[in-house]
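**Student:** Take this structure first; my questions come after.
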Amino acid sequence: MGSEILFFFEVLVGGLLAGTMYSLVALGFVLIYKASATFNFAQGAMVFFAVLSFVGFMELGLPFFFAFLVTIGLMVIVGLSTERLVLRPLMNQSEDTLLMATIGLGYVLEGLAQAAWGVEVRRLDLGIPDFPIMFIADAIGIFISALDLTAGAVAAFMVISLAILFTQTKIGLGLRAVADDPGAASSIGIPLKHIMLLVWSAAGVVALVAGCLWGARAGVQFALVDLALKALPVLIIGGFSSIPGAIVGGLIIGSTEKVLEVYIGPFFGGAIEGWAPYVLAVFFLLKRPEGLFGEKIIRRV
Amino acid sequence: MSTAISTYSKSDYINFVVLMVLGFLVIPMTVSSDYWFTSILIPWLCLALATIGQQVIMGYTGQLALGAAGFMAAGAFACFNLILRVDGLPFFGALIISGLIAAAIGIVFGLPSLRIRGIYLMVATLASQFFIIWVIDKFGWFKNYDSSGIITAQDIVIFGRPYTSPVDMYLVILVVVTIMTILAINMARGSTGRNWMAVRDMDVAAESMGVSLLKTKLQAFAISSFFCGVAGALFAFTYLKSLEPVAFDIKLSFKILFMCILGGLGTINGAFIGAGFILLFPVLLNYLGNNVFHGAIDATIISAMEQVVFGVLMIVFMIYEPLGMAKLWENLKQRFFKKKDN
Amino acid sequence: MNTAQDRKFKIGDPILEVNNISLSFGGVNAITDTSFNVLEHEVRAIIGPNGAGKSSMLNCINGIYKPQQGSIAFKGNTLSKITPNIIAQMGISRTFQNLALFKRMSAIDNILVGRKLHSKANFIDVAFQLPKARKEEKQNLKKCEEIVEFLEIEKIKNTPVGKLPYGLQKRVELGRALATEASLLLLDEPMAGMNVEEKREMCRFILEVNEEFGTTMVLIEHDMGVVMDISDRVVVLDYGKIIGDGPPEEVRTNQKVIDAYLGVSHGE
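Sequences listed follow chains C, S and V, in order.
Each residue of the first sequence is one higher than the one before, counting from 476 in this note's numbering.
Each residue of the second sequence is one higher than the one before, counting from 44 in this note's numbering.
Each residue of the third sequence is one higher than the one before, counting from 1064 in this note's numbering.
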């Protein structure tokens, strides 16, 4: 009896921590949504682009931290170009038009990344082994991967710092003003350009970090883009505009996915995690369309 | 764009005759290389049919649906199983029933559209895409418990005569696509299409005029899935030949999405233009790569550039011409006729 | 101004009864315990300062909003928890304050959508162009052409409505509502943003429809002149409550009404 409960906890904790990896991807979406009220479908491609470039730069000989910084710089350029070339011309268009444009952007980034760096799967060694931490295993009897734990810690750190940034600092306030009404915000002196720079830099960092953690686990490959699709159910549950929501959503998706896969999966030959998050999201939507933390949308006639 | 004319205009008749002559006579007689049939015409017609399905649900009814490939898979595997298990079932009968099965599944997965919209609905339709493929994959019955995991679509046999050569298969597809396109055009131009577009443009007003959102949306999902199901069956039996669920993955759904949007949202023309472009552009790139650059450019780079081009085109069209290539074509025709008048 | 003797359709019994309607949005009370009725064949105006709850009231009547309390009865049947399309079937149609046209469709296509309630052909009939569908389409098209002629918009009937000037768009929306052949028409500020000439035309259309077909009209209107001219009775709303109900002359001299308008001081 005891070992069954222990096993359940192991699965649960593993799922929760894997969920934080989803959260990190979702965080990028949330940042852009908070700053420009657009859903950036290309965020997944950005994760892929970021980590592939990072690995590519290291292959070219740049040392770890330098490559990291250069990649951040690259992501900032990508972000600002996106804002200038894609989002701004479409500012007054319908949500759907913007969405399609960001899907197009995703294609562009995927294609560019592959053209620049090639299609082979890369190994990414962060120095953190994807193996159970022995002393926890010995102490409680649960096997938790060191990588998962790191991901959880990193995600927690990012969420807390971003949340503080948004709610407590002047810059955060400015960001929210810009998202609400860029015209009004700029007319009272909020430096739009600086805000945009900050947001896209943050999104770039988040994308790179997420990409690194995922890359360390699964190798840096094209399949990373599909993983970004998984962030969508996370965002639906957590709400598109909520930073803590991204974490909670990720935890819920990650844990549910793992538990279902382990306990129900074997009856069907597995791979339930391919669709379960989406179905879960649908049920959630039917009850609470705006997500756990999102803002309620009222349509005025 | 459509006007309230449900009777056909003179140019409609002319276009129809020209296309029929081209499709059924000229092409089979003049095109000699099998490559053109197997690699261009056949997939183009099949994918255009699926794109018509996408147009119905997204272009006309305005529902953000991203699961076309899933319904294609449903149709394909339904057709395979029907022909396998029902003795003496004619091919066209199997096609229709496959379409109906896909339509029924489409109604079920379309139900969320009654409460959710936009990106949220897109995520819900992704559920259909992943779930359908998973079901086909995991339940061996669909693949007739074949241990190798690869099943081959049967030969197309109509009235006892097999249609297996490229030209034969092309003609079979052409018949189906012609009929279904005419049905689609009739619906799009008639009250059915107007109700779809009303739901797209202003659903509250549509409801206030007596349009049932429930019935209209589910009807659109059903018809859209029907088209995708038939397209999938045709695609499997004439192009893929070996049936694997993975051939109908999310990438294909995205491809059809691009065909629909680049071609021109809310037009039947757009389905054919978009499908044609997405299919032919890689051929063009390959040609350039081999003949102009003499194979100097790696194949992976070429396919990566393809993606970049499609992505850039999507962005450019959204900014400058959201109504897609069909609209560009219309503008071109207008200008041409203006010149003729002068 | 119509006298009782002039009318082809004499004003009759109540066709619409609004009973103790209360509507609130997340704590904000849009309408509070409001009751009034509309008599058959009359032209009923709803007036009041901005934000008084007039549009919300129309939305309650045609089913877009569900009031928390109270009930609405049309031709004796209660409309509660019914979707707008069923209410449309029962004979109520409307126009919208901020225009709710189908932007990508032509004017005549917009009006044709209004014929939905008079279309029995299903999608199979339409797909195969069966005689049933063809006949119906011809009839509906003819009816819509009549409306187009009546509203004097022949020139723009094939233009996508998104490209039309505001005044013409308002006319198309009226046409769409007329196409439903509803017995009760709810018009939300049908003349907003129009100049004197355009307003005169709209008044003419509204009155003609009321006289020719006996269609009961409820219209939200800000222009007092129009209200005096064409309405039989007026309801005055302020902050979601009724502060006046009666013939135009009576309401105009009602002190509470005057105070409400002066107090909120909105220019007409």
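Quick reminder that beta carbons are idealized off the backbone N, C-alpha and C, glycines included.
From which residue to which residue does the alpha helix (DSSP H) around PRO1223 (chain V) run?
**Tutor:** First-last for PRO1223 (chain V): undefined, no H or E at that position.
**Student:** According to the neighbour-count rule (16 or more other Cβ atoms, all chains shown, within 10 Å of its Cβ), is MET671 (chain C) buried or exposed?
**Tutor:** Looking at its Cβ environment, which holds 16 or more other Cβ atoms inside 10 Å, MET671 (chain C) is buried.
**Student:** Note down, in chain order, every chain S residue with its Cβ under 7 Å from the Cβ of TRP750 (chain C).
**Tutor:** Result: ALA170, PHE173, PHE174, TRP177.
**Student:** Using a Cβ cut-off of 9 Å, pull out every chain S residue sitting near VAL1101 (chain V), in sequence order please.
**Tutor:** By Cβ distance, chain S contributes nothing, its closest Cβ being about 18 Å from VAL1101 (chain V), past 9 Å.
**Student:** Return the bridge partner residues of GLU1080 (chain V) from the DSSP annotation.
**Tutor:** DSSP, once it has assigned bridges, lists V:ASN1100, V:ALA1136 as partnering GLU1080 (chain V).
**Student:** Residues in its own chain within less than 7 Å of VAL653 (chain C) by CB, not counting five upstream and five downstream?
**Tutor:** Around VAL653 (chain C): ALA510, ALA660, ILE665, LEU667, ILE670.
**Student:** Looking at C-alpha atoms only, which residue of C:LEU562, C:GLU558, C:PHE529 is the closest neighbour of LEU549 (chain C)?
**Tutor:** Nearest C-alpha to LEU549 (chain C): C:PHE529.
**Student:** For ILE547 (chain C) and VAL680 (chain C), I'd like the C-alpha separation in whole angstroms.
**Tutor:** If you take the alpha carbons of ILE547 (chain C) and VAL680 (chain C), they lie about 6 Å apart.
**Student:** For the alpha helix (DSSP H) containing GLY729 (chain C), list its first residue and its last residue.
**Tutor:** Taken as a continuous stretch (DSSP letters only), the alpha helix (DSSP H) holding GLY729 (chain C) covers 718–738.
**Student:** Do you know offhand how far ILE718 (chain C)'s Cα is from VAL629 (chain C)'s?
**Tutor:** If you take the alpha carbons of ILE718 (chain C) and VAL629 (chain C), they lie about 14 Å apart.
**Student:** Which residue's Cα is closest to the Cα of ILE311 (chain S): S:PHE270, S:PHE297, S:LEU375, S:PHE380?
**Tutor:** When only C-alpha atoms are compared, the closest one is S:PHE270.
**Student:** Starting from MET1254 (chain V) and walking both ways along the beta strand (DSSP E), at which residues does that stretch end?
**Tutor:** Counting along the chain, MET1254 (chain V) falls outside any beta strand (DSSP E), and DSSP gives it neither H nor E.
**Student:** Quick check on THR46 (chain S) - is its C-beta less than 7 Å from some C-beta in chain V?
**Tutor:** Confidence at THR46 (chain S) is low in this model, with a pLDDT of 47, below 50, so its placement is unreliable and no value can be given for it.
**Student:** Under 7 Å between C-beta atoms, does TYR163 (chain S) make it to chain C?
**Tutor:** True, the Cβ-Cβ gap to chain C drops below 7 Å.
**Student:** Going by DSSP in three states, VAL1091 (chain V) sits in which element: helix, strand or coil?
**Tutor:** Three-state result, VAL1091 (chain V): strand.
**Student:** So which residues of chain C does ARG158 (chain S) contact, with C-beta pairs closer than 9 Å?
**Tutor:** What ARG158 (chain S) touches in chain C: LEU760, LEU761, PRO764.
**Student:** Could you give the first and the last residue of the continuous alpha helix (DSSP H) run that contains MET1280 (chain V)?
**Tutor:** MET1280 (chain V) -> not in any alpha helix (DSSP H); beta strand (DSSP E) instead, spanning 1279–1283.
**Student:** Please list the partners that GLY1154 (chain V) has in chain S, where partner means a Cβ-to-Cβ separation under 8 Å.
**Tutor:** The contacting residues do not exist; GLY1154 (chain V) stays about 10 Å from chain S at best.
**Student:** In the DSSP assignment, the alpha helix (DSSP H) including VAL1299 (chain V) goes from what residue to what residue?
**Tutor:** Where VAL1299 (chain V) is concerned, there is no enclosing alpha helix (DSSP H), although the beta strand (DSSP E) it sits in stretches over 1296–1301.
**Student:** For chain C, find out if any of its Cβ atoms is closer than 7 Å to the Cβ of THR310 (chain S); answer yes or no.
**Tutor:** THR310 (chain S) does not count as touching chain C.
**Student:** With ALA318 (chain S) and MET302 (chain S) assumed to form a contact (beta carbons below 8 Å), what rounded beta-carbon distance in angstroms separates them?
**Tutor:** Contact holds; Cβ gap of about 5 Å.
**Student:** Where are the alpha helix (DSSP H) runs, 4 residues long or more, that stay fully inside the region 69–101 of chain S, in chain order?
**Tutor:** The qualifying runs are 70–73, 85–97.
**Student:** Can you find at least 3 beta carbon pairs, one from the region 92–99 of chain S and one from the region 271–290 of chain S, that sit closer than 8 Å?
**Tutor:** Taking 8 Å as the limit for Cβ pairs, the verdict is that the region 271–290 of chain S does touch the region 92–99 of chain S.
**Student:** Taking only the alpha-carbon atoms, compute the straight-line gap between LEU84 (chain S) and LEU295 (chain S) and give it to the nearest angstrom.
**Tutor:** Approximately 18 Å, taken between the alpha carbons.
**Student:** When DSSP labels each residue in this structure, what does ARG559 (chain C) get in the three-state scheme?
**Tutor:** Looking at ARG559 (chain C) - three-state DSSP - the assignment turns out to be helix.
**Student:** Exposed or buried, which one is GLY1075 (chain V) when buried takes at least 16 other CB atoms within 10 Å?
**Tutor:** GLY1075 (chain V) comes out exposed.
**Student:** Considering only their Cβ atoms, is the gap separating ILE194 (chain S) from LEU127 (chain S) smaller than 7 Å?
**Tutor:** No, Cβ-Cβ distance for LEU127 (chain S) and ILE194 (chain S) is not below 7 Å.
**Student:** Rounded to the nearest angstrom, how far is the Cβ of GLY519 (chain C) from that of GLY579 (chain C), given a contact under 8 Å?
**Tutor:** Actually they do not touch by this definition, with Cβ atoms about 14 Å apart.
**Student:** Report the three-state DSSP secondary structure of PRO205 (chain S) (helix, strand or coil).
**Tutor:** Note: PRO205 (chain S) maps to strand in three-state DSSP.
**Student:** Between VAL553 (chain C) and MET521 (chain C), how many whole angstroms is the CB-CB distance? I'm expecting something under 8 Å.
**Tutor:** Right, the Cβ-Cβ distance comes to about 7 Å (below 8 Å), so this counts as a contact.
**Student:** Going by DSSP, what residues sit across from PRO1112 (chain V) in a beta bridge?
**Tutor:** Beta-bridge pairing links PRO1112 (chain V) to no other residue.
**Student:** Looking at the unbroken beta strand (DSSP E) that takes in SER1156 (chain V), where does it start and where does it end?
**Tutor:** SER1156 (chain V) -> beta strand (DSSP E) spans 1155–1157.
**Student:** DSSP state of SER1246 (chain V), grouped into three classes?
**Tutor:** In this structure, SER1246 (chain V) counts as coil in the three-state DSSP scheme.
**Student:** By DSSP, does THR281 (chain S) sit in helix, in strand, or in coil?
**Tutor:** In the structure shown, THR281 (chain S) sits in a helix (DSSP, three-state: H, G or I).
**Student:** Could you have a look at LEU1086 (chain V) and say whether DSSP puts it in helix, strand or coil?
**Tutor:** Strand at LEU1086 (chain V).
**Student:** Can a CB atom of chain V be found closer than 7 Å to the CB of ALA248 (chain S)?
**Tutor:** Yes - at least one Cβ of chain V is within 7 Å of the one on ALA248 (chain S).
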